[in-house]
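Residue numbers (numbering that gives the first Met the number 0), protein chains in the order written: chain F, 0 to 162; chain W, 0 to 85; chain Z, 0 to 110.
Virtual Cβ for every residue (Gly too), placed ideally from N, Cα, C.
So the structure is just underneath, and the comments pick up after that.
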Amino acid sequence: MKIKAAVISVVLGLLFWLGLNTSLENEVLIIGAAVVVLTAVFAVSNPVLKDLKLGPKALAAMIAWLFVFLVELIKSNIDVMFRVISPRVRINPAIVEVKTALKSPAGRMALANSITLTPGTLTVDLVDDKLFIHWIDASSTDVEEATKAIAAKFEKYLEVFLG
Amino acid sequence: MAETILLTAVLISLLSIALILIRFIKGPSILDRVVAFDTAGIIAISLIVLLAHMADRFIYVDVALVYGLLSFIGVLVVARYHERGL
Amino acid sequence: MEMAGAILALIGSVIFLLSALGLLRMPDLYNRIQTGTKATTLGTLVLLIGMSLYHPDWAPKLVILMLFILLTNPVSSHVVARAAHYIHQKMTDRTVADALENDEFIEEEIV
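And the structure:
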């Protein structure tokens with residue numbers, strides 16, 4: 000388990016280092032590998048990435064989640080822009096409660112971050128399996144319906160690759 | 000032509016930073032000012048990238064990265080301080 | 000290619016302008032975070048994609064910058080919103096419901 004998390008961190012760190020340097024010289028590669036392995040050794044005592052599942056199915060879910068997320072980002076941005084430029088500010092805000100089925104901390108974090116990044120919904124607090132969300136246009140304050148409207152579309156893909 | 004459009008983009012970004020400054024001065028509470036600062040910081044990252052293009056220096060993009068990191072930590076520290084002290 | 004990059008950069012800066020307007024017009028802190036801080040995420044993404052079309056050799060570092068903004072932006076808006084709710088920042092009169100109000104969880108969590 001820990002070895003998988005370490006390998007994932009090393010690969011991600013190396014990609015980051017190569018993007019940062021944009022060169023493939025020997026010294027750059029050696030220094031980068033040393034620093035990345037050292038960071039992975041320190042990071043492995045608290046492996047957040049251990050819940051990440053690998054395999055073709057998980058990879059497909061990851062790409063699908065990225066796609067759904069980008070579409071939602073653009074859609075909700077256009078929606079919020081129209082709210083801003085309308086003559087009378089059209090808002091109907093509320094803080095609603097949402098229940099999530101995800102078990103792992105990394106999965107809950109990913110869900111909370113995807114909800115926060117789409118304008119219109121903002122995660123105020125996360126307590127166990129309850130997310131408290133400030134919703135700019137609350138159509139319902141019921142837990143079930145709010146879960147269906149806000150979290151379901153991300154949860155469907157996140158539970159495949161992050162449990 | 001492309002240069003003119005990029006110059007317009009720079010001017011529009013500067014105008015939005017000026018509008019954000021109004022909120023920064025007016026903002027009734029400290030946290031309103033923090034939000035204004037955060038937004039202005041993100042716009043400043045894009046402005047630094049545009050400046051790197053105009054000066055034609057790739058190395059200025061590193062400045063944008065470091066600036067983003069520092070303004071993020073600044074926002075975290077101020078918000079955390081207001082929540083429960085350091 | 001250069002033209003497309005410049006036009007994407009222009010679209011990004013227009014999104015900045017709209018989010019600055021949102022920051023000015025919205026009545027309370029939470030709605031300001033919604034329309035201000037988070038709308039700039041898409042603006043930055045579009046502008047940086049435009050710049051990486053303009054300079055294809057800058058693309059790797061600009062992609063890292065985009066990932067960095069995608070990761071840090073939700074965290075900072077979440078932290079500010081949480082702090083605001085903890086110190087009982089006033090919400091606008093048009094707020095419909097507050098499920099977190101009088102919730103003992105938040106008091107327990109903070110030691």
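Minimum C-alpha distance to residue i - residue among the options
i, options, result
"residue 46 of chain W", "W:33, W:73, W:34 and W:62", "W:62"
"residue 44 of chain Z", "Z:0, Z:80, Z:67 and Z:78", "Z:67"
"residue 156 of chain F", "F:135, F:113 and F:139", "F:113"
"residue 30 of chain Z", "F:89, F:62 and F:154", "F:89"
"residue 21 of chain Z", "F:58, F:61, F:77 and F:33", "F:77"
"residue 75 of chain F", "F:30, F:13 and F:115", "F:115"
"residue 142 of chain F", "F:152, F:97, F:110 and F:12", "F:97"
"residue 126 of chain F", "F:86, F:118 and F:111", "F:111"
"residue 31 of chain W", "Z:40, Z:94 and Z:76", "Z:76"
"residue 131 of chain F", "Z:88, Z:81 and Z:86", "Z:81"
"residue 151 of chain F", "F:34, F:52, F:107 and F:135", "F:107"
"residue 83 of chain F", "Z:32, Z:4 and Z:92", "Z:32"
"residue 3 of chain Z", "Z:55, Z:62 and Z:39", "Z:55"
"residue 28 of chain W", "Z:6, Z:84 and Z:94", "Z:84"
"residue 145 of chain F", "F:94, F:105, F:109 and F:54", "F:94"
"residue 14 of chain W", "W:1, W:43 and W:34", "W:43"
As assigned by DSSP and simplified to three states, the class of residue i
i, result
"residue 52 of chain W", "helix"
"residue 1 of chain F", "helix"
"residue 23 of chain F", "coil"
"residue 16 of chain F", "helix"
"residue 125 of chain F", "strand"
"residue 140 of chain F", "coil"
"residue 146 of chain F", "helix"
"residue 155 of chain F", "helix"
"residue 94 of chain Z", "coil"
"residue 98 of chain F", "strand"
"residue 57 of chain W", "coil"
"residue 103 of chain Z", "Legend: pLDDT at residue 103 of chain Z = 47, less than 50; position of this residue unreliable, no value from coordinates given."
"residue 108 of chain F", "helix"
"residue 84 of chain W", "coil"
"residue 25 of chain W", "helix"
"residue 10 of chain F", "helix"
"residue 44 of chain F", "coil"
"residue 33 of chain Z", "helix"
"residue 0 of chain W", "coil"
"residue 42 of chain W", "helix"
"residue 75 of chain F", "helix"
"residue 60 of chain Z", "helix"
"residue 77 of chain Z", "helix"
"residue 55 of chain Z", "helix"
"residue 77 of chain W", "helix"
"residue 82 of chain F", "helix"
"residue 88 of chain F", "coil"
"residue 12 of chain W", "helix"
"residue 51 of chain F", "coil"
"residue 13 of chain Z", "helix"
"residue 86 of chain Z", "coil"
"residue 2 of chain Z", "helix"
Cross-chain neighbours of residue i in chain F, by beta carbon under 8 Å
i, result
"residue 63 of chain Z", "15, 18 and 19"
"residue 17 of chain Z", "80, 83 and 84"
"residue 87 of chain Z", "Neighbours of residue 87 of chain Z on chain F: none; closest Cβ ~13 Å, over 8 Å."
"residue 96 of chain Z", "93, 94, 95, 137 and 140"
Amino acids of chain F, ordered along the chain, whose beta-carbon sits closer than 9 Å to that of residue i
i, result
"residue 50 of chain Z", "By Cβ distance, chain F contributes nothing, its closest Cβ being about 15 Å from residue 50 of chain Z, past 9 Å."
"residue 55 of chain Z", "Simply none; closest approach about 12 Å."
9 Å Cβ cut-off: residues of chain W touching residue i
i, result
"residue 69 of chain Z", "Ordered by position in chain W, no residue passes the 9 Å Cβ test against residue 69 of chain Z, which lies about 11 Å from the chain."
"residue 81 of chain Z", "78 and 82"
"residue 58 of chain Z", "Going along chain W, no residue has its Cβ under 9 Å from residue 58 of chain Z, so there is no contact; the nearest lies around 11 Å."
"residue 46 of chain Z", "8, 12, 45, 48 and 49"
Beta-ladder partner(s) of residue i, from DSSP
i, result
"residue 93 of chain F", "F:134"
"residue 56 of chain F", "Per DSSP, none; premise fails for residue 56 of chain F."
"residue 120 of chain F", "F:134"
Interface partners of residue i on chain Z, CB under 8 Å
i, result
"residue 21 of chain W", "23"
"residue 36 of chain W", "Result: empty, since nearest Cβ-Cβ is about 10 Å, beyond 8 Å."
Neighbour list for residue i in chain Z, Cβ cutoff strictly below 7 Å
i, result
"residue 123 of chain F", "80, 81, 84 and 99"
"residue 42 of chain W", "15 and 39"
"residue 118 of chain F", "33, 34, 37 and 38"
"residue 1 of chain W", "1, 2 and 5"
"residue 112 of chain F", "73"
Neighbouring residues, chain F, relative to residue i (Cβ below 7 Å)
i, result
"residue 76 of chain Z", "115 and 121"
Cross-chain neighbours of residue i in chain Z, by beta carbon under 9 Å
i, result
"residue 24 of chain W", "Neighbours of residue 24 of chain W on chain Z: none; closest Cβ ~11 Å, over 9 Å."
Interface residues of chain W facing residue i [CB-CB closer than 8 Å]
i, result
"residue 66 of chain Z", "In chain order: nothing, as chain W lies at least about 11 Å away."
Residues from the region 58 to 69 of chain W in contact with chain Z, defined by Cβ distance under 9 Å: 60, 61, 63, 64, 67 and 68
The region 126 to 151 of chain F: which residues have C-beta closer than 7 Å to a C-beta of chain Z, in chain order? 126, 131, 133, 135, 137 and 140
Give the residues from the region 19 to 44 of chain Z that approach chain W closer than 8 Å (Cβ to any Cβ), ordered along the chain. 19, 20, 22, 23, 28, 31, 32, 35, 36, 39, 40, 42 and 43
Which residues of the region 70 to 100 of chain F have a Cβ closer than 8 Å to any Cβ of chain Z? Give them in chain order. 72, 73, 76, 79, 80, 82, 83, 84, 88, 90, 91, 92, 93, 94, 95 and 96
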